[in-house]
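I have placed the structure first, in the form of structure tokens, so that the comments after it can refer back to it.
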Amino acid sequence: MNVIEIKNLTKQYGRSRGIIDVNLNVEQGEIFGFIGPNGAGKSTTIRTLLGLIHPTSGQATIFGKSCFEHPEVRKELGYLPSEVFYYDSMRVIDLLKYSASFYKKDCTKRIHELAEIMDLNLKKKINDLSFGNKKKVGIVQGLLHEPKLIILDEPTSGLDPLMQQKFFELIREENKKGATVFFSSHILTEVQKLCDRVAFIKEGRIIKLEKISTLQENNYKRISIEVKSKIPQEIQHVDGVSDFKVKGNAVNFIYRGNMNAMIKIIAEMDLANISIGEPDLEEIFMHYYEKEN
Ligand SMILES: Nc1ncnc2c1ncn2[C@@H]1O[C@H](COP(=O)(O)OP(=O)(O)OP(=O)(O)O)[C@@H](O)[C@H]1O
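Structure below.
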């Protein structure tokens with residue numbers, strides 16, 4: 004079953020582009036990554052999906068329902084916006100209790116558990132919190148009612164690495180308990196760690212939608228070679244070679260193709276050193292983005 008369905012979704016802000024013809028489905032139980040550079044259209048997609056802004060055309064549903072027509076659907080989900088704004092003079096606990104009052108269950112125990120995990124002082128006033136601590140308030144606020152769907156828009160900005168780690172563990176646990184997660188980010192390594200599938204968005208359009216495991220197993224190799232004589236420049240014209248960089252007697256590039264063919268070419272060289280490894284997702288991602296240009 005699809006928890007999120009987005010069909011031909013377009014949002015124009017006057018004359019400027021928001022998103023164009025976005026299509027994607029998020030299946031129940033998966034952690035789905037939504038990746039793209041600043042201004043690509045991640046927040047616009049999420050806000051349109053949540054019914055916070057009207058689409059120019061197309062549809063978006065959560066649990067089969069449009070958030071515009073069925074605002075009650077929002078009670079089933081936890082949303083962490085990319086920027087959080089609060090009434091500064093409130094205490095954290097009061098704000099969280101107020102948020103919890105929108106749901107039909109007692110969330111007190113979960114608020115305290117989440118605050119403990121995220122190392123958040125519930126007694127402080129929002130005013131006195133740093134940017135990262137305000138983000139933690141947003142995280143607790145988004146998760147306190149144990150939602151079936153968690154939508155996170157750039158959730159880790161402002162969190163230190165230790166907190167990011169704890170946050171990822173928390174999201175994994177929620178996912179194990181059955182929550183579906185939709186996670187937007189411009190940081191590939193975190194998407195790589197957490198997500199099952201990922202959609203790449205660029206200039207308002209989805210340019211690639213793939214399983215993380217496929218991206219990692221797609222036979223891209225990062226090859227670094229050091230030779231005793233001159234680097235044969237013709238390698239860069241071999242089919243499947245990209246990101247070709249020469250530095251003195253060393254060269255490194257990404258290769259996607261028949262390994263036997265490449266090894267035969269390399270075997271002709273007077274090697275000083277060689278390494279063949281997996282490129283990280285960042286490199287594969289850049290490859291897709293460059294190809295689109
Ligand atoms: N309220 C608005 N009015 C006009 N243009 C907007 C508005 N909100 C977003 N845009 C434009 O829509 C495009 C997509 O923006 P969006 O905020 O969705 O991107 P994003 O991928 O979430 O980026 P970021 O990570 O920087 O928030 C951008 O070109 C942006 O300038």
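Residue 4 is where the sequence shown starts when you use this note's numbering, and the numbers rise one by one after that. All C-beta atoms in this analysis are idealised placements derived from N, C-alpha and C, irrespective of residue type, glycine included. Note that this is a predicted model, so its numbers are computed, not measured.
Contact check, residue i vs residue j, beta carbons under 8 Å
| i | j | result |
| --- | --- | --- |
| Gly243 | Gly260 | yes |
| Val201 | Ile56 | no |
| Ala253 | Glu229 | yes |
| Leu146 | Phe171 | no |
| Glu79 | Arg113 | no |
| Lys267 | Phe256 | no |
| Ile154 | Lys126 | no |
| Lys233 | Thr183 | no |
| Gly161 | Phe134 | yes |
Reduced DSSP secondary structure (H/G/I, E/B, other) of residue i
| i | result |
| --- | --- |
| Leu53 | coil |
| Thr202 | In the sequence on display, residue 202 carries Ala and not Thr. Reduced to three states, the DSSP call for Ala202 is strand. |
| Glu213 | strand |
| Glu30 | strand |
| Asp246 | strand |
| Arg18 | coil |
| Leu152 | strand |
| Glu157 | coil |
| Lys128 | strand |
| Ala315 | Because the chain here runs from 4 to 296, residue 315 falls outside it and cannot be looked at. |
| Glu86 | coil |
| Lys78 | helix |
| Val194 | helix |
| Glu281 | coil |
| Lys45 | helix |
| Leu218 | helix |
| Ile234 | coil |
Own chain, CB closer than 8 Å to residue i, minus 5 neighbours either side, in chain order
| i | result |
| --- | --- |
| Tyr89 | Leu98, Ile129, Lys137 and Val140 |
| Ile22 | Leu12, Thr13, Lys14, Gly44, Thr47, Thr48, Thr51, Ile204, Gly207 and Arg208 |
| Asn28 | Asn5, Ile7, Glu8 and Ile9 |
| Ile215 | Gly36, Val194, Gln195, Cys198, Asp199, Arg200, Val201 and Leu284 |
| Ile238 | Val244, Phe247, Val254, Phe256 and Ile268 |
| Thr111 | Lys100 and Ala103 |
Start and end residues, alpha helix (DSSP H) containing residue i
| i | result |
| --- | --- |
| Phe66 | Careful: Phe66 lies outside any alpha helix (DSSP H) and carries neither H nor E. |
| Ala270 | Met262 to Ala270 |
| Asn336 | Any answer about residue 336 is impossible in this case: the structure gives the chain only from 4 up to 296. |
| Leu117 | Thr111 to Ile120 |
Span of the beta strand (DSSP E) around residue i
| i | result |
| --- | --- |
| Gln167 | Segment Pro164 to Lys179 is the alpha helix (DSSP H) holding Gln167; no beta strand (DSSP E) there. |
| Lys224 | Tyr223 to Val230 |
| Thr183 | Thr183 to Ser188 |
| Ser102 | No beta strand (DSSP E) holds Ser102; the alpha helix (DSSP H) holding it covers Val95 to Ala103. |
Close beta carbons around residue i, own chain, < 7 Å, minus the five adjacent residues each side
| i | result |
| --- | --- |
| Ile120 | Lys169 and Leu173 |
| Pro74 | Gly54 |
| Tyr1 | In the structure as shown, the chain begins at 4 and stops at 296. Residue 1 is therefore absent and cannot be evaluated. |
| Val143 | Leu99, Ile114, Leu117, Ala118, Met121 and Leu123 |
| Phe71 | Gly54 |
| Tyr223 | Ile257, Arg259, Pro282 and Ile287 |
| Thr59 | Thr13, Lys14 and Gln15 |
| Phe66 | Val6, Val76 and Glu79 |
Beta-carbon proximity list for residue i, same chain, < 6 Å, skipping 5 on both sides
| i | result |
| --- | --- |
| Val25 | Ile9, Leu12, Thr48 and Ile209 |
| Asp156 | Ser46, Ile49, Pro84, Ser85 and Ser187 |
| Ser227 | Asn255 and Ser278 |
| Met93 | Ile129 |
| Gly81 | Gly145, Leu146, Pro150 and Ile153 |
Proximity test, residue i beta-carbon vs ligand 2 heavy atom, cut-off 7 Å
| i | result |
| --- | --- |
| Gly21 | This structure does not include ligand 2; its bound ligands are ligand 1. |
### Query
How about the stretch 183–203 and the stretch 156–173: do they share at least three Cβ pairs that are nearer than 8 Å?
In short, these stretches touch, since the Cβ pair count reaches three.
### Task
Count the C-beta pairs between the stretch 176–192 and the stretch 25–41 that are closer than 8 Å, then say yes if the count reaches three, no if not.
Judged by Cβ distances under 8 Å, the stretch 176–192 makes contact with the stretch 25–41, as three or more pairs qualify.
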